[in-house]
Every structure is written in C-alpha cells, then in structure tokens.
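Trainee: Dumping the structure here so I can ask a few things about it.
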Amino acid sequence: MLTVHHLGVSQSERIVWLCEELGIDYKLERYDRDPVTRLAPAALKALHPMGTAPVITDGDLVMAESGAIIEYIIATYGKGRFKVAPDHPDFAQFIYWFHFGNGSLQAILHRYLNIRRLEPRPDHPTLLGVERQLASALGMMDKRLGAVDYLAGAFSAADIITVFCLTTMRSFAPYDLGKYPNILAYLKRIGARPAYQRAMQKGDPGMTPKLG
C-alpha cells in the first residue's frame, strides 16, 4: 500500500494534499521533529539515504523528492490528473510553474532563511540581494495570478508543489505578502478546497495554515 511518511510542519504536506485531492487510498505515517534540533527524527532518516521529508514507500519502492513523488503518484494512482497534456495551450505554463516552486522560490527562501539566521544588519548587501530576488519572484507570481485562478490556469500539481512556499515555509522564513493581493486571493481559494483542509487536519492538526 502507498504510505506517505510525513514530517510535521514540512514540505511533505504536499504529498498528503495530493493524495487527498486524488481521493486515493493511502497510509499516513506522521513524524514529529526532534525537540532540540527541530530536524527529522532518526526513524524518518532511516528510510532514505537523504534523510529528509517527504518520503513514500510503495511495496519495495522507497522514494524521496517532492517533485518525483508527485509525478510518481499521479502516474501510478492518479490516471494523469492534475497534469496538463503536451497538446494543451497551458502545457508550458504548467511545466514552468511546477518547477518554479522547488527550483526557484523555495531555493530563494532557503537562502533568505540561512541569511536571517546570521542576524545581519538590515542594509547588509547579501540580505538586500536575496530580498530583491524574493520580491521579483513573488511579483511575477502575483502578476500571473492576476490573470488566472491557478498557476497553470486550472488547478494542477503546480499549485500543490508551490503553495507550501507561500504558507508553511513562512513559519521558518517569515515574509510579508501584503504587497501581493493576487497571491492572497489565491491562498483563499486554496484554503477553501476541501482536500486541502483535510490534508492539513490529518498532517498537522495543531497548525493553522498561513493563508493570509
């Protein structure tokens, strides 16, 4: 049986959400962070050499990496749902935004988080440079969401992989979305989805999603 190994308050929420959107049978194994290090516990690290969430097991398969897991589940259990066909006008947008979440936005946020941990002065050039990158990425997304309801036009895996960066990741790398009204409206649409609500309740019952 497909098992989702979910580290609380982490990017593995994406996989729980995908399974809920697809309405498939799966088993959820939840892990709490180490109370001292705030990292994954030994039991989760033992599943995969990378020692990070998300991880799925499916028979003899053990797989990590959000994007790879999403593609595997959609192909194996989802009958291609939440992807965009190559002959569809929004195919290029889907491919771009599907890779944008991890490839660009989350990478910028990791740099922002690591720099913030060093407590630099507000005018430190490295901090200012990352803040400009973040503003550019969010501005581009806000413009896109002013034209469409979801990143690829219709709801898709591109949204599932990206929303974590706009919500839960702000628990680690706080930033303000007040300048981005279209992103805020988008998050309201996401928060109204029953599958998203179920996923958050099952995966992180004590957490209030950062949807505003």
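Per my numbering: the sequence shown = residues 1143 to 1354.
A virtual CB, placed ideally from N, CA and C, is assigned to each residue, including glycine.
#1: Please determine, among ARG1180, LEU1308 and LYS1169, the residue with the shortest C-alpha to C-alpha distance to THR1194.
#2: With a Cβ-Cβ cutoff of 8 Å, do THR1309 and PRO1336 count as a contact?
#3: Please name the residue or residues paired with ILE1215 in a DSSP beta bridge.
#4: Look at the alpha carbon of ARG1263 and the alpha carbon of PHE1233, and state the distance between them as a whole number of angstroms.
#5: Which word fits LYS1225, buried or exposed, when buried means at least 16 other C-beta atoms lie within 10 angstroms of its C-beta?
#6: Where do the N-terminal and C-terminal ends of the alpha helix (DSSP H) with ASP1301 fall, by residue?
#7: Just to confirm, is the Cβ distance from ARG1175 to HIS1148 under 8 Å?
#8: Considering only DSSP beta bridges, list what ALA1206 is partnered with.
Mentor: Reading off the structure:
#1: ARG1180
#2: no
#3: According to DSSP, ILE1215 bridges with nothing at all.
#4: 43 Å
#5: Classification for LYS1225: buried.
#6: 1299-1308
#7: no
#8: VAL1197
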